Each structure stands twice: as C-alpha cells, then as structure tokens.
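Worksheet for the structure shown next.
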Amino acid sequence: MIKAFILMLQFLTRLPINIPVDMDSKTLSRGAFFFPFVGVVVGLISGGVYYLFQFINNDIASLSAVFTIIFVTGGIHVDGLSDTADGFFSARSKERILEIMKDSRVGTFGVIAIIFDILAKYVIIKNIPAGLVIPALIFSCALGRTASSMLFSFGKSARPGGMGDMFTANPTKKYFISATIILTVIGLVTVRTMFLIALVSVVIFALLLMKLSYKTIDGLTGDVYGACTELCEIVSLTVFMAVSLWR
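Just so we're aligned: 168 in this note's numbering is position 55 of the sequence shown, and the numbers increase by one with no gaps anywhere.
Rendered as structure tokens:
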C-alpha cells in the first residue's frame with residue numbers, strides 16, 4: 114500500500130518524491146484509498162503557510178493558503194476546472210466539447226473559472242475564524258479528493274484511454290469506501306457535525322456534477338475530476354464558514 118501512497122503523492126502533487134513506482138492497475142486501484150489523505154497532506158501544508166502569514170495580515174494569509182494549494186498540486190485540478198468550464202459552456206456537440214477540453218489553450222470561460230476559484234476560496238477562508246482555518250483547509254482538501262475518487266469509483270469514462278480512464282477502468286470502490294469511513298471517523302472526532310454537513314454537501318454537489326457531465330459528454334474525464342476537486346473544496350470551505358458564523 115505504501116507504493117500506492119507514494120504514487121498518488123507523485124501524481125497529485127509536486128512534492129519532490131523521487132522514488133520509482135510502477136503505475137500498474139493494482140497500484141492504481143489501491144491509490145483510490147489515498148486520494149483523501151493526499152488532500153490531508155496538501156491541506157496541512159496550506160494550513161502551515163496560513164499559520165505563518167496570519168501574524169502579518171489575514172488577507173495575505175488567506176491568499177497565501179490558496180496559492181499554496183495550487184503550487185503544491187501543480188495546478189492540476191485548477192487546469193481541470195478551466196478545461197471543463199471551456200468545454201461545458203461551449204454549447205457544442207459531445208465530440209467537440211471533448212476536443213475543447215483536451216486543447217491546452219485556455220478560453221474565456223476557463224479564465225473566468227480560474228478567477229472565480231481563487232477569489233471564492235480567498236473570500237471564504239478570510240471569513241472563517243482563525244482558529245478554524247487550518248482544520249477547514251485540511252478537511253476541504255481531503256473532501257475535494259474524496260469527491261473525485263467517488264466519481265471515478267462509481268462513474269464511467271467519457272474518453273476511453275484518457276488520463277481519467279486510468280482510474281475509472283480499475284476497481285476502486287472498496288478502497289474509496291474504506292478511505293471515506295476512516296476520514297469520517299477522524300472528521301467526527303475533530304470537528305464533529307461540521308464535518309458531517311460538509312461531507313453530505315460535497316457528496317450531493319459531486320453527484321449533481323456527475324449528472325451534468327453525463328448529460329454533456331456522456332461520462333467523466335480527468336478534467337471533470339479536477340473540476341470536482343476544486344468545486345468541492347469551495348463547497349466544504351463554505352460549510353465551515355457558514356456553520357462557524359451561524360454559531
């Protein structure tokens with residue numbers, strides 16, 4: 114299992130882990146278990162940066178936390194969000210949408226999606242009580258990746274042979290369920306009902322996104338998984354902000 118964790122860290126982040134791991138079907142399947150925990154690592158790093166900068170200014174700390182996530186992940190999920198926005202909002206045929214999503218150039222809707230993603234996270238983090246920001250970052254990053262692993266565990270690929278198909282084509286359901294149970298126990302012990310509300314909200318949003326993706330391109334792609342990760346991070350951060358303000 115340790116090989117699967119290393120592979121997921123190499124695949125989903127830019128952390129300098131120079132350990133050769135074969136990307137075979139067995140390792141990829143097991144990798145689904147570690148999606149949420151890679152998110153925990155990303156959230157911890159982002160939370161650490163927030164902690165360092167909060168002594169200077171809350172605005173700087175919040176923005177630094179957002180850009181840290183992008184830097185640590187190499188922008189892989191933001192790129193997926195951008196490509197998905199360009200494709201889904203193009204109002205073209207399925208085949209043309211898939212071509213647009215595969216195009217390396219960023220269109221108007223892609224730029225808007227990136228700006229929205231960064232600004233939304235910045236504003237939300239800024240309005241979360243300082244003592245809750247680090248748990249919010251950790252669990253939002255974990256839940257974002259839990260949501261994407263749910264999609265490829267139970268969904269179908271719209272583009273056979275694509276990057277996203279590597280996960281969809283391999284059995285991952287039991288690993289997704291096991292990881293979600295462990296994450297839920299940790300969440301309930303640490304932030305209690307706030308985590309449960311965030312989890313339910315993320316699952317509902319991810320299912321709606323999957324339904325939209327099926328309607329638009331008759332399946333899922335790696336870009337959709339990236340978009341799911343980014344948007345579900347926003348959803349879970351919003352829950353942390355809303356519940357903390359309501360209390």
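Cβ atoms here follow ideal geometry from the backbone N, Cα and C, with glycine treated the same way.
Only a predicted model underlies this, so the values are computations on that prediction, with no experimental measurement involved.
Coil, strand or helix - residue i by DSSP
i, result
"S206", "coil"
"L128", "coil"
"S270", "strand"
"Q123", "helix"
"N171", "helix"
"R143", "helix"
"I241", "coil"
"M114", "coil"
"V155", "helix"
"R258", "helix"
"D135", "coil"
Own chain partners of residue i with C-beta closer than 6 Å, once the 5 adjacent residues on each side are dropped
i, result
"T329", "F201"
"S326", "L333 and V337"
"T297", "none"
Candidates the options: closest to residue i by CA position
i, options, result
"I241", "M121, K116 and R360", "R360"
"T197", "L122, I290 and C341", "C341"
"G160", "S177, I169, A145 and A311", "S177"
"F168", "K207, R258 and G244", "G244"
"R272", "I294, F252, S253 and Y338", "Y338"
"T140", "F229, T285 and I182", "T285"
"R143", "H190, V236, K287 and V219", "K287"
"L322", "Y235, T126, A145 and L194", "L194"
"F252", "I231, D172, F280 and I295", "I295"
"V153", "L250, K215, S217 and M114", "L250"
Neighbourhood of residue i by C-beta, 8 Å cutoff - its chain only, sequence neighbours within 5 removed
i, result
"R205", "I213"
"T186", "L125, T126, R127 and V155"
Neighbourhood of residue i by C-beta distance below 7 Å, restricted to the same chain and skipping five residues each side
i, result
"M354", "I237, N240 and I241"
"I310", "V352 and V356"
"F222", "A198, D199 and F202"
"V191", "I183, I227, D230 and E343"
Opposing strand residues paired with residue i [DSSP bridges]
i, result
"L333", "S270"
- request: With a floor of 4 residues, list each alpha helix (DSSP H) that falls wholly inside the segment 295-356, ordered by position along the chain.
  value: 306-330
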